[in-house]
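The next block holds one structure in the form of structure tokens; read it before the comments.
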Amino acid sequence: MKKEVQTMIEQEEKIYHGVAASPGIIMGNAFVFTKQLPRVEEKIITDSEVPQEIERLEQAITRSQKELQKIYDLTEKKIGVHKAKIFEAQMMILDDQILLGTIKKRISKDKKSAEFIVHHEISKYQKLMTNSPDEYLRERAHDVADVKNRIIRNIHQGRLISQFEQHAIVVSE
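In the working numbering, the protein residues as written are 54 to 226.
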């Protein structure tokens, strides 16, 4: 019987190896965060729907900026300005008027939904960065993907998990 209990304990224990986002050692319950990629379909819109699509885009950008500012402030407070810089870089992408202008023009010209154009346009930059010989640019491609997915989630008016009811160790890709 002792052997059966030991086997059961060994089967329940899971060991993960990775890079810590915060210093120190802690024990507690783990929350495994799985990134949900937003669903993007090619949707054709009419001329009369173009202003509404651009408004949806602008609202999503504003919401994304607020989310990232909140995350930046919390990260800076909890683990320092150096670690928070990644969110500052993402906020800069949201402020890129050339990129946003291109997206708005394509919504008007191509008559397609905001999320489809955002996905298509930002994915072009993401692909260039992913295929770059520069390791730094390849790593930043993940940030571009995060911004793209954040905008699309906010166009869909999806919810962001930003707080836990109890203390948890967040495990993520």
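Note that the Cβ used here is the ideal one computed from N, Cα and C, for glycine as well. These figures come from a predicted structure and were not determined experimentally.
Less than 7 Å between the C-beta atoms of Ile259 and Glu174, yes or no?
Nothing in the structure corresponds to residue 259, since the chain is present only between 54 and 226.
Pop quiz: Val93 and Ile205 are said to be a contact at Cβ under 8 Å. What is the actual Cβ separation, rounded to whole angstroms?
Contact flag correct, Cβ pair sits at about 6 Å.
Classify Ile170 as buried or exposed, calling it buried when 16 or more other Cβ atoms lie within 10 Å of its own Cβ.
Classification for Ile170: buried.
On the DSSP letters alone, give me the boundaries of the alpha helix (DSSP H) that Val72 sits inside.
Run containing Val72: none; DSSP gives neither H nor E here.
As an exercise, report each continuous beta strand (DSSP E) stretch of at least 3 residues that is fully enclosed by the segment 148-224, in chain order.
DSSP runs (the beta strand (DSSP E)) wholly in the segment 148-224: none.
Going by DSSP, what residue range makes up the alpha helix (DSSP H) through Val103?
Looking at the DSSP string, the run of the alpha helix (DSSP H) that includes Val103 is 103-132.
By the three-class DSSP mapping on this structure, what secondary structure does Ile97 have?
Strand, per DSSP.
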